[in-house]
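Residue numbers (the numbering used here): 112 to 306. Each residue gets a CB set at the ideal place from its N, CA and C atoms; glycine is no exception.
Shown next as structure tokens:
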């Protein structure tokens, strides 16, 4: 008789499997059976931890954005010059495409399928992340390090658009490769905002 595993490890395994399945099949193409099959467990094992497929998606999306938010908040609080903060923000935005690609992919492509409270909660995190990025540009303008006439909202949206597009073509090469992309993108962004 097999013993039921009820641990944080199993919870994490379910999330990893879900992120992979959602990234491969899309939210609507995936099922909790697919997630369970990936782990070799019964479908009920997924429901032991999550009340629905929507709840699994919400947690995958939350984890996909949470790291972004934590890093940019720490960067914002640092005493580094504004151009260094932008460079770090770009790097921290792109590294997850290498380290946790399925979570990031699902956050960017599947979060639109969240509903109700899940949609609100993940939306709040995404909006907070965008606001923190915008503050990096605003503080650069205020410090006289960036152009006075810089449209900080557009600069933020440009950074996000540029970085998020990596999901459509990045092929998962070595970490140095994603680091090189981050450096190049940061150079482009900083070159456009510097005084």
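Output the distance between the C-alpha atoms of residue 276 and residue 283, rounded to the nearest integer angstrom. 14 angstroms
Counting pairs of Cβ atoms below 8 angstroms between the stretch 213-220 and the stretch 189-201, do you hit three or more? no
Expected contact under 8 angstroms - CB spacing of residue 221 and residue 133 to nearest Å: About 5 angstroms separates the CB atoms of residue 221 and residue 133; that is less than 8 angstroms, so the two are in contact.
Kindly list the residues whose CB is nearer than 8 angstroms to the CB of residue 180, restricted to its own chain and excluding five residues on each side of it in sequence; keep chain order. Around residue 180: 236, 239, 240 and 243.
Where are the alpha helix (DSSP H) runs, 4 residues long or more, that stay fully inside the stretch 160-210, in chain order? 164-188, 193-205 and 207-210
Reduced DSSP category for residue 300 - H, G, I as helix; E, B as strand; rest coil: Of the three classes helix, strand and coil, the one that applies to residue 300 here is helix, per DSSP.
Considering only the beta carbon of each residue, do residue 172 and residue 225 sit closer than 8 angstroms? yes
Going by DSSP, which residues form a beta bridge with residue 305? 257
DSSP-derived helix/strand/coil call for residue 139: coil
Indicate the three-state DSSP secondary structure (helix, strand or coil) for residue 154 in the structure shown. Reduced to three states, the DSSP call for residue 154 is helix.
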